[in-house]
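Shown next, in structure tokens, is the structure this report addresses.
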Amino acid sequence: MTATTDDILIPVQTPLAPGADVSSAVFDVSDARTVELLFSITSPLADVHWRVHFGPTPNNGYATARQGDFGRFNTIAISVPVFGTGVLVAIHNNGSHATAVDGNIRVIHEFGEA
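According to this note's numbering, the sequence shown is numbered sequentially starting from 85.
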């Protein structure tokens, strides 16, 4: 059986100053097969980069599973297979313009038959 849960990844219009980072909370995806992520900034900016991390790794960190920038599009919508028990999204502004970021997460859970 499958079930989905939807949650706020990053609250609406979270400020992202030049040189700053915004990271989501770590979401528990231990019984999930797939995570769907939708996150955006105000307008396309190639100097703003995003990364999707799964973990924990053997040294208790989080490894990058996907990465990119907002150079062509200001909204990213991706579906990622689950690589660990936790997932988080980190966004970094390498540019000189402030922006705002927000996003949602949908976790597709897999449950065994009873």
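All residues carry an ideal CB built from backbone N, CA and C; glycine is no exception.
(request) Report yes if the CB atom of residue 187 is closer than 9 Å to the CB atom of residue 171, and no otherwise. (result) Their beta carbons are not under 9 Å apart, which means residue 187 does not touch residue 171 by this criterion.
(request) Please classify residue 101: does DSSP put it in a helix, a strand, or coil? (result) Residue state for residue 101 is assigned as coil, using DSSP reduced to three classes.
(message) Quick check: what's the CA-CA separation for residue 181 versus residue 133?
(response) Taking the straight line from one Cα to the other gives about 13 Å.
(request) At 3 residues or longer, and completely inside the stretch 127–185: list those beta strand (DSSP E) runs for me, N to C. (result) If we require 3 residues or more, the beta strand (DSSP E) runs fully inside the stretch 127–185 come out as 129–139, 147–154, 159–165, 170–177.
(request) Check whether the Cβ of residue 183 sits closer than 8 Å to any heavy atom of the ligand GTP, and report yes or no. (result) The ligand GTP is absent from the structure shown, which contains no ligands of any kind.
(request) State the Cα-Cα distance for the pair residue 193 and residue 128, rounded to the nearest angstrom. (result) Residue 193 and residue 128: Cα-Cα distance of roughly 32 Å.
(request) Assign residue 116 to one of two classes, buried (16 or more other C-beta atoms within 10 Å of its C-beta) or exposed (fewer than that). (result) Residue 116 should be labelled buried.
(request) Round the Cβ separation of residue 164 and residue 136 to the nearest angstrom and send it over; I've been treating them as touching at under 8 Å. (result) Indeed they touch by this definition, with Cβ atoms about 6 Å apart.
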